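Protein chains in written order, with the working numbering: chain A, 98 to 600; chain B, 8 to 112; chain C, 6 to 185. All C-beta atoms, glycine included, are put in the ideal place defined by N, C-alpha and C. Remember, it's a predicted structure, so these values are computed and weren't measured experimentally.
Structural data, given as C-alpha cells:
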C-alpha cells in the first residue's frame with residue numbers, strides 16, 4: 098500500500114505560465130551570470146531585466162489572443178486563474194518592471210554602484226505580484242503577497258548610504274509584517290467558516306444560502322481582517338500611515354515601482370477576492386470599500402497640498418489615486434446593476450494607466466533630485482523649465498495627466514471610474530471624487546508653477562538626462578498622450594477583463 | 008468532575024485570539040524594532056494555532072498545510088527583517104541611539 | 006488529562022506572550038517568546054498535528070529565536086531599555102491597550118457566536134498511529150504537492166528573495182571597507 102501509491106499532481110500548462118517563466122529565467126540569468134562572470138558592462142543588468150519584462154509582455158499578447166478564442170479557466174489544481182483580468186494585470190506589472198529597470202540602471206550609475214541584485218529583486222517582486230493578480234486561492238495569494246512585499250522591503254532599504262532609505266525599509270517592514278498578520282488571520286477565519294481557501298469553492302459554499310446563514314460573524318470577522326490587510330497594501334486611508342515616509346525615503350526608482358507594481362497587484366487581488374469569493378456578500382463589504390474610498394480621496398488630496406517635498410506630495414497623491422481605484426471596486430460591488438462589470442474594467446484600466454504615469458513622474462523627480470535623492474523639495478524644481486525645457490515639459494504632461502486633464506491618459510482613467518460609479522447610482526461618491534480631483538489639481542499646479550514660473554537662485558546646473566531614463570520618459574509620455582487622444586482601442590480591449598475565471 | 012470538561016475548538020480559537028491581540032498591542036506600544044518584530048511573530052503564531060485548531064475541527068488537512076506555508080514565510084520574513092534591523096542599528100551605534108526621526112511623520 | 010494539557014500550554018503561551026510585550030530587556034523577551042512557541046507546539050500535539058509540532062520547534066524555537074538572539078548579541082542591545090523613556094505620546098499607550106482589548110473582544114465574540122457554524126467536514130485528518138506512524142506527514146505531502154503545488158513552487162522564489170535581500174543589505178562594498 099505504501100510503495101504502490103503514486104502521486105499524480107495537477108497538470109501544468111506551461112505556455113500559460115510563460116510570462117512568469119520569462120521573468121524567472123531573467124532573474125536566474127542575472128543571478129548566475131552576475132556571480133560567475135566578471136563585472137558586466139554598465140547598464141547591461143538593467144537591459145537584461147528590461148528584455149525579460151518585454152518578452153513577458155509579448156507573451157501576454159499571445160495569451161490574450163488565445164483567451165479571446167476560448168473561455169477563462171483555472172489552472173494547476175484551481176490555484177491560479179487564467180483570464181483577461183490576470184493577463185492585463187500581468188502586463189501592467191511587466192510594464193512597471195520594464196520602465197523601472199531602465200531608470201534604476203541610471204540610478205545605480207548616479208549612486209556609483211552596480212550589481213544585479215536590485216534587478217533580481219524587481220523580477221522576483223514582479224513574479225509575486227503576477228501570482229497575486231492570478232491567485233485563485235488565498236494561500237497562494239498570501240505567498241505572492243509576501244514575495245512581493247519582502248522584495249519591496251529590501252528594495253526600499255537598499256541604499257545603504259542614506260539613512261532615510263534604511264528607515265523607510267524598516268518602517269515599511271514592520272507595518273507590512275503587521276498587516277500581513279491581519280491578512281493571514283483573515284484567511285484563517287474564512288477557512289474556519291467555509292473549510293476552503295480556494296476562491297471558487299468559497300464562492301460556491303457561500304452562495305448556497307440554506308447551508309450558510311447570512312450573518313455568520315466568523316466569516317464577517319475574517320472578511321474584515323482580510324480587507325484591513327489589503328487596505329494596508331494599497332495604502333488606503335486610514336491604513337496609509339507608512340506611505341509618505343516610505344515613498345520619500347526609498348530610492349526614487351524603487352518608489353515608482355512600489356507605487357505601480359505594488360498597487361496593481363494588491364488592487365487586482367482585492368478585486369478578485371471580493372468579486373469572486375465574496376460575490377454573495379457584496380452588501381457586507383461594499384460599505385467598507387465606500388468608506389475607504391471616500392477617506393482616501395479626501396485625506397489624500399487635502400494632505401498632499403500641505404507638503405513641501407515633492408516625493409511626499411506624490412505619495413499623498415498616490416493615496417488619492419487609490420481612492421479613485423476604490424471607486425471602481427465600489428462600482429463592481431453593485432452586482433445587481435448591469436454596469437457593475439464596468440467597475441472591474443475601469444479599475445484595471447486605471448491601474449495600467451497609473452503605472453505608466455507614476456513611473457514617468459517619479460523618474461523625472463529622481464533625475465532632478467540627483468545623487469542621493471537629495472534635492473526633492475519643491476524649491477529644487479524652481480526654474481526647471483529654463484534649465485531643462487524638455488524635462489519640464491514631460492513633467493507637465495505627467496502632472497496634467499495625474500490631475501485628469503482631457504487628452505491625457507489620466508482623464509481616460511478617472512472618467513472611467515467615475516462613469517462606472519455614476520452608472521451604478523453611487524452619486525455621492527462620484528461627486529466626492531470630482532471634488533477631490535479639483536483639490537488634487539491644485540497640488541499638481543503647484544509643482545508646475547514651481548517648474549515654469551519661479552526662478553532659480555543660484556541653481557544653473559541642468560540635471561543630466563541619461564539615455565535609458567530619457568527613453569523611459571519618452572515612452573511614458575508617448576503612451577500617456579496616445580491613450581489620451583485615441584483611447585478607443587484600449588477601452589475596447591479592457592472591456593474583456595470583466596469575465597473572471599471560475600465565475 | 009474536572010475530567011468531564013474537554014477543551015473544545017472554541018477554547019483554542021479564543022486562546023489564539025488572545026495571543027493575536029497581545030501581539031498586536033505589543034507592536035503598538037513598543038518602539039524597539041526587534042521587539043515589535045517579535046510581536047509580529049506572536050501574531051503569526053496565533054494564526055498558526057487557529058489553523059491547526061480548525062483543521063482538526065473541520066477534519067481537513069489543508070489547514071495544516073497552510074501552517075506549513077506560514078512557517079516558510081515567517082522564516083523568510085525573519086531573514087529579511089533582521090537584515091534590515093542589523094543594517095540600520097549598526098549605523099545607529101556610531102551616532103547616538105535615538106529614535107527614528109530622520110523622516111518626520 | 007486533555008484539560009490539564011490545555012491549561013498548562015495556554016498558561017505557557019499567554020505568560021510568554023505577555024513577557025515579550027512587557028519585558029524591557031530584549032534577551033528576556035526572546036526567551037519569553039520561546040515559552041510561547043513551545044506552548045503552541047504542545048497545543049499542536051494536543052490537536053494531533055504532530056509533524057507541524059516538530060517543525061514548529063525546529064524552525065521557530067531552533068532557528069528563528071536563535072537568529073533573534075544572535076542579532077541582539079551582535080548589536081549589543083541586550084541591556085534593558087527604560088520602558089517609560091520610550092518616546093510615546095501619552096495617549097498612544099492607553100489607546101493601544103484599548104485597541105488590543107477591543108480586538109480580542111471582537112474576535113472572541115465572533116468565535117463564541119459562531120461556535121455552531123463550524124459545520125463543514127473534510128475527508129479526515131490522518132494522525133500518527135502505531136500501524137501507520139507517518140500518516141500525517143504523507144497527508145500533508147499530498148496536499149502540498151497536489152492542491153498547493155503552486156504555493157510550494159512560489160516558496161522557492163520567496164527564499165530567493167530572502168537570500169538576495171540579505172546580500173543587498175549585508176554586503177560590504179569596497180567603498181565602505183575603508184575605515185572612516
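Just mark residue i as buried or exposed, buried being the case when its beta carbon has 16 or more other beta carbons within 10 Å.
i                      : result
residue 384 of chain A : exposed
residue 163 of chain A : exposed
residue 103 of chain A : exposed
residue 95 of chain B  : buried
residue 175 of chain C : exposed
residue 294 of chain A : buried
residue 541 of chain A : buried
residue 103 of chain C : exposed
residue 503 of chain A : exposed
Taking the alpha helix (DSSP H) that residue i belongs to, which residues open and close that run?
i                      : result
residue 329 of chain A : 314-331
residue 250 of chain A : 235-253
residue 164 of chain C : 154-175
residue 33 of chain C  : 31-51
residue 18 of chain B  : 16-36
residue 581 of chain A : 564-582
residue 271 of chain A : 260-291
residue 107 of chain A : Taken as a continuous stretch (DSSP letters only), residue 107 of chain A belongs to no alpha helix (DSSP H), as it is neither H nor E.
residue 376 of chain A : Element bounds for residue 376 of chain A: n/a, residue is neither H nor E.
residue 418 of chain A : 407-429
residue 143 of chain C : 140-150
Who are the near neighbours of residue i in its chain, counting only those whose CB is closer than 7 Å to its CB and skipping five residues on each side?
i                      : result
residue 566 of chain A : 199, 200, 203, 460 and 464
residue 38 of chain C  : 21, 25 and 70
residue 117 of chain A : 224 and 227
residue 50 of chain B  : 27, 30 and 31
residue 510 of chain A : 446, 447, 450 and 451
residue 417 of chain A : 393, 394, 397, 398, 401, 533 and 537
residue 517 of chain A : 425, 428, 436, 439, 440 and 443
residue 508 of chain A : 501, 502 and 581
residue 184 of chain C : Because the pLDDT at residue 184 of chain C is just 44, under 50, the model does not fix this residue reliably, and the value given afterwards should be weighed accordingly. Contacts found: none.
Alpha carbon to alpha carbon, what distance is there between residue j and residue i?
i                      : j                      : result
residue 583 of chain A : residue 597 of chain A : 27 Å
residue 15 of chain B  : residue 60 of chain C  : 24 Å
residue 364 of chain A : residue 300 of chain A : 19 Å
residue 472 of chain A : residue 382 of chain A : 42 Å
residue 284 of chain A : residue 139 of chain A : 45 Å
residue 112 of chain A : residue 133 of chain A : 30 Å
residue 199 of chain C : residue 11 of chain C  : The requested residue 199 of chain C does not occur in the structure, where chain C is confined to residues 6 to 185.
residue 176 of chain A : residue 153 of chain C : 7 Å
residue 141 of chain A : residue 229 of chain A : 29 Å
residue 243 of chain A : residue 326 of chain A : 12 Å
residue 107 of chain B : residue 515 of chain A : In this predicted model, residue 107 of chain B has a pLDDT of only 49, less than 50, meaning its place in the structure is not dependable enough to derive any value.
residue 414 of chain A : residue 64 of chain B  : 47 Å
residue 7 of chain C   : residue 150 of chain C : 33 Å
residue 238 of chain A : residue 52 of chain C  : 27 Å
Who are the near neighbours of residue i in its chain, counting only those whose CB is closer than 6 Å to its CB and skipping five residues on each side?
i                      : result
residue 53 of chain B  : 23, 26 and 27
residue 90 of chain C  : Per-residue confidence for residue 90 of chain C stands at a pLDDT of 48, beneath the threshold of 50, marking its modelled position as unreliable; no derived number is given.
residue 506 of chain A : 450, 498, 577, 580 and 581
residue 207 of chain A : 468
residue 67 of chain B  : none
residue 128 of chain A : 217
residue 241 of chain A : 225, 228, 229 and 232
residue 146 of chain C : none
residue 160 of chain A : 184
Residue range of the beta strand (DSSP E) that residue i falls in?
i                      : result
residue 170 of chain A : 170-172
residue 179 of chain A : 177-179
Just to check my reading of the structure: residue i and residue j have Cβ atoms closer than 8 Å, yes? What is that Cβ distance to the nearest angstrom?
i                      : j                      : result
residue 354 of chain A : residue 193 of chain A : 6 Å
residue 386 of chain A : residue 426 of chain A : 5 Å
residue 119 of chain A : residue 156 of chain A : 6 Å
residue 76 of chain B  : residue 156 of chain C : 6 Å
residue 485 of chain A : residue 569 of chain A : Contact flag wrong, Cβ pair sits at about 16 Å.
residue 265 of chain A : residue 343 of chain A : 5 Å
I'd like the list of long-range same chain contacts for residue i, defined as Cβ closer than 8 Å, with 5 residues on each side in sequence excluded.
i                      : result
residue 275 of chain A : 329
residue 358 of chain A : 189, 190, 193, 194, 197, 222, 223, 226, 245 and 452
Contact residues within the stretch 133-167 of chain C, judged by C-beta distance below 7 Å to chain F:
Absent from the structure: chain F. Protein chains present are A, B and C.
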